[in-house]
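Here's the structure, in structure tokens; my notes come after.
There are 2 protein chains.
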Amino acid sequence: MKKTNKLLFALLISTSALAQTDSATIKKIFNDALTNGKSYSNLEYLCKKIGGRLAGSPQAQQAVEWTFKAMKEAGADTVYLQECMVPHWIRGEKEQAKVFTSNAKSFKTLPICALGGSIATPAEGLTANVIEAKGIEDLKRLGKENIQGKIVFFNEPMEPTFIATFHAYGKAVMQRWAGAKEAAKYGAVGVVVRSMTLAHDDNPHTGVMSYNDSITKIPACAISTNGADWLSNYIKTDKEAKFFFKMNCQTLPDEKSYNVIGEIYGSSKKDEIITVGGHLDAWDNGEGAHDDGAGIVQSIEIIRIYKALGLKPKCTIRAVAFMNEENGGRGGKKYVELAKLKNEKHIAAIESDAGGFTPRGFSSTMGAKQKAKLKSWKTLLEPYGLHDFEREGGGADIEPLNEELGTPILELMPDSQRYFDYHHTAIDTFEAVNRRELELGGASMAALIWLISENGL
Amino acid sequence: MKKTNKLLFALLISTSALAQTDSATIKKIFNDALTNGKSYSNLEYLCKKIGGRLAGSPQAQQAVEWTFKAMKEAGADTVYLQECMVPHWIRGEKEQAKVFTSNAKSFKTLPICALGGSIATPAEGLTANVIEAKGIEDLKRLGKENIQGKIVFFNEPMEPTFIATFHAYGKAVMQRWAGAKEAAKYGAVGVVVRSMTLAHDDNPHTGVMSYNDSITKIPACAISTNGADWLSNYIKTDKEAKFFFKMNCQTLPDEKSYNVIGEIYGSSKKDEIITVGGHLDAWDNGEGAHDDGAGIVQSIEIIRIYKALGLKPKCTIRAVAFMNEENGGRGGKKYVELAKLKNEKHIAAIESDAGGFTPRGFSSTMGAKQKAKLKSWKTLLEPYGLHDFEREGGGADIEPLNEELGTPILELMPDSQRYFDYHHTAIDTFEAVNRRELELGGASMAALIWLISENGL
């Protein structure tokens, strides 16, 4: 045997031995998650005892306190808070919407909800004719002559033929985000936006929208997809129908809030950090189960699993419950600001913010060499249903880490078919989450973190 | 350029052109399923207007008639029935179970249901002490001295650490199938079987069980997992507690029923048949939505898609709604019997009987060459989330085709995490099925059938 061959052989043996150890550890992680898992009961508490928890709300504060305790109970070596100021928007009384026939003799009630950040309507409500637009671009075609003084009804549906529902969301969501400020440029007095979902039902989907201080602010609501279909159809024949809606939401002064952080100290590379997290805030109209209670309890679960199994990762594992992803991203920004200040070394960051569904892989934003390393672990992860490591992605809370520190970022990629049925609605509840699907997601992140910690990225 | 190279080049070009055509056709199939799909509304009808439809029941007959009509409406070139005789078991009045404390001063009600095929208890119910067994093998350990005169409580849970839940089912289900006849050998007077599910809840799961004519027949019921956990715990301290249950199920004489078959005639190989199906019968306690309304409406959908798109497959596509998969398999047996009689040429058969969840791939039972061909299509199917073509499998209704005619068989493999939450229960309802997940399953089969029909297997 030649020397180089011997070397190669030795290398192969040791690589394979390593892979075997990793494989055994991953098996232990999944077994523990699926038999002793606490993520499901934690999610029940977060959803049922606290519920919706928009940044700045008393529920958000309760969630901070509960997460602190839950991370301690999971066995974290240290748990601490990171203070940040967050926006404080409140929905107020339940919103109302009606369509009056042009002869004013009858009306139909429609299910709406205010978009997050919207101003209120006048106290008596706002009534005007409606003009339908298929997305933002359509405003140009309609022009000021058709829009002035009216309520713009943005009705571009999410594209059902995209297999990845997040792509369909990405294509349609600009109506929600920028609809009010764009329509106001043409003299619109309010906007109604078709809910961001592929489901046909009566649930309006809230979500953040934005204003521009130099453009008149007009109130904006979401309408359920069934409501949108009805409205679109109705105004085809009754062009003078009046849309009425009433909302008394308000933006209050910023509030103090926190990211909650729990760590397992690295055994040999304590200063090298792997961040894993989700966002703790959730829209006020539901329980924030998939969005993003799932990501929170999965991140806490990683601490529990490592401690229960006595796993001692080389790097420091930092579970982060980010505050205010939904309407400001202040927690994510604060996190990177402090990381820079302390000159921290971040090896990788992983977020779970796409629902507690069966995991299918990880998307990532990182260099080609790192991506190749990630893909080299496919054979270790495929037995657990993780097969897709190709896509670009990364969570909203950890994007600043990538942008400002160049940290490789990843996002857990669960099956996406059901996500937008629940997203930002009253039905995003604990009952919508399946225990095993949730547990598999936490275990998948725990396994990937182990591979990164032990083998580098 | 050498001649062989030229040939190779020409071959590559034509193969790639073919792949492009196939790829475009597959895209059209998925687009149509996701925009014009009728499988979801068909499922609603089957579940809500007909409901549970066990072989021999009036509902099964209604389902036969409805499926005939639905296949016609989907545009089948021909629709016909295949007569077969089926068992006719009825559940009777709602089952009751109570556990009386040994001092007979109090009792607790437990959720049970009769296993399919069980005899009734005596009219006044059956009361006896309970002995717990962890699976069939455990009977030997306990022996006649511990079992005689008692009710055996089979309480081996499904293994939660298996990622594929069907493997966990396969390991535990022998308790349900053979528990009564095995326990009777030791003198047991009845059996209670832990429900076949990984969920922790109050739903008892029915399913077929079997007797042996040479062994005393004893009544058998399923108990919910929460009930099983309670019972197991309770009898640890109160060993003389009495279990009471009452069921008045009956087996009536065999009934006449039917497989329902709809065909699209092959354009150039009419005599070469690709079968695709599910089973039309469903347990009486639920609506049979995932099991197997999904497979039925997906099979009908394939006809609709091909006709809507004007696809003319070379081979004959035969959608089959098999009767009596749940408690006899008579439809599947009749189908192969007639196929043999008519000397039919079956190219492949595909079944969907694992729920209307997001499809992940196809399992199969066929030769290595055929499996290699199947895997060569992976790149065409992966964009639709179909990534797993490795596993062995095939549906219960089409297994006889493989066994007796050597037909290559395949089964649609949806994500399996939620399946046993619903399987054989009252909550296997229309509401438990997600529209897109269901539609993707039908489109996946339509796409695979196209590839087989055009390129052979």
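These protein sequence lines are chains A and B, in that order. Residues in the first sequence are numbered consecutively from 200, following the numbering used here. Residues in the second sequence are numbered consecutively from 200, following the numbering used here. Yeah, the Cβ is synthetic: ideal placement off N, Cα and C, and Gly gets one too.
In three-state terms, what does DSSP make of residue i?
i         : result
Trp288(B) : strand
Thr360(B) : coil
Lys455(A) : strand
Val496(A) : helix
Met200(B) : Reliability of the predicted coordinates at Met200(B) is poor, the pLDDT of 47 falling under 50, and the value obtained from them is presented with this limitation in mind. Three-state result, Met200(B): coil.
His545(A) : strand
Val388(A) : coil
Val632(A) : coil
Asp587(B) : strand
Leu656(B) : coil
Thr624(B) : coil
Tyr410(B) : coil
Asp337(A) : helix
Arg517(A) : strand
Met373(A) : helix
Asn328(A) : strand
Ala322(B) : coil
Pro403(B) : coil
What does DSSP give as the partner residue(s) for residue i in the beta ladder?
i         : result
Gly259(B) : A quick correction: the sequence has Ala, not Gly, at residue 259(B). DSSP output for Ala259(B) lists no bridge partner at all.
Met565(B) : Paired residue(s): none; Met565(B) is not in a bridge.
Val298(A) : Lys307(A) and Phe442(A)
Arg529(B) : DSSP lists no partner for Arg529(B).
Rounding to the nearest angstrom, what Cα-Cα distance links residue i and residue j in this structure?
i         : j         : result
Tyr505(B) : Lys226(B) : 13 Å
Phe361(A) : Ala367(A) : 6 Å
Ala319(B) : Ala379(B) : 13 Å
Gly530(A) : Thr405(A) : 21 Å
Ser305(A) : Phe299(A) : 6 Å
Ile501(B) : Lys577(B) : 20 Å
Val278(A) : Ala507(A) : 17 Å
Leu430(A) : Trp482(A) : 26 Å
Leu309(A) : Ala646(A) : 46 Å
Met200(A) : Ala520(A) : Caution applies to Met200(A), whose pLDDT of 47 falls short of 50 and renders its modelled position unreliable; the model cannot decide the point.
Glu439(B) : Asp337(B) : 20 Å
Phe619(A) : Met373(B) : 39 Å
Trp376(A) : Val407(A) : 6 Å
Tyr534(A) : His545(A) : 12 Å
Asp490(B) : Ile626(B) : 11 Å
Cys448(B) : Ser317(B) : 7 Å
Glu358(B) : Lys370(A) : 42 Å
Gly251(A) : Thr415(B) : 58 Å
Gly487(B) : Ala382(A) : 48 Å
Thr450(A) : Pro582(B) : 43 Å
Asn601(A) : His623(B) : 48 Å
Gly494(B) : Glu272(B) : 18 Å
Asp437(B) : Ala303(B) : 11 Å
Leu537(A) : Gly236(A) : 32 Å
Ala518(B) : Phe444(B) : 42 Å
Cys312(A) : Pro356(A) : 18 Å
I'd like to check one pair, residue j with residue i: are the Cβ atoms closer than 8 Å?
i         : j         : result
Leu242(B) : Gly485(B) : no
Lys513(A) : Gly566(A) : no
Phe588(B) : Leu573(B) : yes
Tyr239(A) : Glu610(A) : no
Pro418(B) : Leu325(B) : yes
Ile516(B) : Ile463(B) : yes
Leu585(A) : Pro558(A) : yes
Asn523(A) : Ala223(A) : no
Ile249(A) : Ala269(A) : no
Ile350(A) : Val391(A) : yes
Gln569(B) : Thr364(B) : no
- request: Count the C-beta pairs between the region 421-435 of chain A and the region 376-387 of chain A that are closer than 8 Å, then say yes if the count reaches three, no if not.
  value: no
query: With contact counted as at least three CB pairs below 8 Å, one residue from each stretch, are the region 345-355 of chain A and the region 320-332 of chain A in contact?
result: yes
query: Taking contact to mean at least 3 C-beta pairs separated by less than 8 Å, is the region 593-602 of chain A in contact with the region 524-538 of chain A?
result: Note that the region 593-602 of chain A touches the region 524-538 of chain A; at least 3 beta-carbon pairs, one per stretch, sit closer than 8 Å.
message: With three or more beta-carbon pairs closer than 8 Å as the criterion, would you say the region 289-297 of chain B touches the region 458-477 of chain B?
response: By the C-beta criterion, the region 289-297 of chain B is judged not to be in contact with the region 458-477 of chain B, since fewer than 3 inter-stretch pairs fall below 8 Å.
- prompt: Which residues, in order along the region 356-372 of chain B, keep a beta-carbon less than 7 Å from a beta-carbon of chain C?
  reply: Although the question refers to chain C, the structure presented lacks it and instead comprises the protein chains A and B.
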